[in-house]
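Undergrad: In the working numbering, the protein residues as written are 2 to 279.
Ideal Cβ placement from N, Cα and C applies to all residues, glycine included.
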């Protein structure tokens, strides 16, 4: 008996040590960036490397916020990410509603075609999107940054699978009570789908927050630029990159998605347990 307990204890101890090691490996780049964000240029390039806080303190944060327009980039990205997150969730829900509760020709073919688009990276459509947005006169606008991302095969799949797990009797009962499709969606399906909604919203917010190629291509005016392009521009501000500034900006850029994840992480986890919500 004691031998079995001893083996279990050793197994748990080794498991915890392994997990702690993995956590430290994951956190190491963030801690390194946090330390470098408080160092002067000389301290960043010092050898051997300084791994602790530097003498600059919060000065680097103040400089990148006020002198390098980081606040403007973050505001633009929050607006674009918020627009895409909201409308993409709405469109995905309504598409999922149609694919589950409506009968129409080629419904299965349409669903599988939507899934097929998941294998098409956005980059292969950049030229066509650029020409379309330019012809519409949307250059250097929030519309150019957000409209191309309002449809989501991932979102449609997520809601289609979730709605399929909800008993069809609810739709029949709502129909008997005189509820139309939209009332059924907002009054019955949405309250049962908060976890799925939160999961998709979190995915899309982080996805838009990390956009780099499309803003770089379509935006020419600094007033509409997004945060990832702004971070890249910081490395070209001077002959020698001040990595203290870059790391300070990167740490600040991590805060909004991290807060969103902390707020929605429980719903995010439950949202992927498809078929468990009732």
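What is the rounded straight-line gap between the Cα of residue 48 and the Cα of residue 58?
TA: Stepping through the chain shown from its first residue, residue 48 is reached at position 47. Stepping through the chain shown from its first residue, residue 58 is reached at position 57. Using only the alpha carbons, I get a separation of about 20 Å.
Undergrad: Could you check where the alpha helix (DSSP H) with residue 167 kicks off and where it finishes?
TA: Position 166 of the chain shown, counted from the first residue, corresponds to residue 167. It is not in any alpha helix (DSSP H) - residue 167 carries neither H nor E in the DSSP assignment.
Undergrad: What residue range is occupied by the uninterrupted alpha helix (DSSP H) comprising residue 196?
TA: If you number the chain shown from 1, residue 196 lands on position 195. Note, residue 196: alpha helix (DSSP H), 195 to 210.
Undergrad: Would you say the segment 87 to 95 touches the segment 150 to 167, given that touching needs at least three Cβ pairs under 8 Å?
TA: With a cut-off of 8 Å, the segment 150 to 167 and the segment 87 to 95 count as touching, because enough Cβ pairs lie within range.
Undergrad: Does the distance from the CB of residue 37 to the CB of residue 244 come in under 8 Å?
TA: Taking the chain shown and counting its residues from 1, one reaches residue 37 at position 36. Taking the chain shown and counting its residues from 1, one reaches residue 244 at position 243. Yes, the Cβ-Cβ distance between residue 37 and residue 244 is below 8 Å.
Undergrad: To the nearest whole angstrom, what separates the beta carbons of residue 296 and residue 249, a pair I think is in contact under 8 Å?
TA: It is not possible to answer for residue 296, since the shown part of the chain is limited to 2 through 279.
Undergrad: Below 8 Å between beta carbons: does that hold for residue 225 and residue 141?
TA: One-based indexing of the chain shown puts residue 225 at position 224. One-based indexing of the chain shown puts residue 141 at position 140. Against a cut-off of 8 Å, the Cβ pair of residue 141 and residue 225 comes out as a contact.
Undergrad: Can you tell me whether DSSP reads residue 40 as helix, strand or coil?
TA: Locating residue 40 in the chain shown gives position 39, counting from the first residue. Residue 40 falls in the coil class under three-state DSSP.
Undergrad: Decide if the segment 121 to 131 is in contact with the segment 184 to 198; the criterion is three or more beta carbon pairs, one per stretch, under 8 Å apart.
TA: Short answer: they don't touch.
Undergrad: If you follow the alpha helix (DSSP H) that residue 109 is part of, which residue opens it and which one closes it?
TA: Locating residue 109 in the chain shown gives position 108, counting from the first residue. Unbroken alpha helix (DSSP H) run through residue 109: 108 to 117.
Undergrad: For the alpha helix (DSSP H) holding residue 94, just list the boundary residues, first then last.
TA: Position 93 of the chain shown, counted from the start, is the residue given in the question as residue 94. First-last of the alpha helix (DSSP H) with residue 94: 71 to 102.
Undergrad: Considering Cα atoms alone, identify which of 160, 21, 54 and 146 is closest to residue 202.
TA: The residue labelled residue 202 in the question sits at position 201 within the chain shown. With distances taken between Cα atoms, residue 202 lies closest to 160.
Undergrad: Can you tell which of 77, 19, 45 and 52 has its C-alpha closest to the C-alpha of residue 222?
TA: In the chain shown, residue 222 corresponds to position 221, counting from 1. Among 77, 19, 45 and 52, the Cα nearest to that of residue 222 belongs to 77.
Undergrad: Tell me which same chain residues have a C-beta within less than 8 Å of the C-beta of residue 108, skipping the five on either side of it?
TA: Reading the chain shown from its first residue, position 107 is the one you call residue 108. 100.
Undergrad: Tell whether a beta-carbon distance below 8 Å holds between residue 247 and residue 232.
TA: Locating residue 247 in the chain shown gives position 246, counting from the first residue. Locating residue 232 in the chain shown gives position 231, counting from the first residue. Taking 8 Å as the Cβ cut-off, residue 247 and residue 232 qualify as a contacting pair.
Undergrad: Are residue 257 and residue 79 closer than 8 Å when you measure CB to CB?
TA: Taking the first residue of the chain shown as 1, we reach residue 257 at position 256. Taking the first residue of the chain shown as 1, we reach residue 79 at position 78. Yes; because the gap between Cβ atoms is below 8 Å, this pair is in contact.
Undergrad: With a threshold of 7 Å on Cβ separation, who are the neighbours of residue 269 within its own chain once the five nearest residues in sequence on each side are excluded?
TA: Position 268 of the chain shown, counted from the start, is the residue given in the question as residue 269. So the list reads 199, 200 and 203, once near-sequence residues are dropped.
Undergrad: Helix, strand or coil: which one does DSSP assign to residue 244?
TA: In the chain shown, the residue the question calls residue 244 occupies position 243. DSSP places residue 244 in helix when its eight states are reduced to three.
Undergrad: Could you spell out the range, first to last residue, of the alpha helix (DSSP H) harbouring residue 54?
TA: Along the chain shown, one-based indexing puts residue 54 at 53. Neither: residue 54 is in no alpha helix (DSSP H) and is coded neither H nor E.
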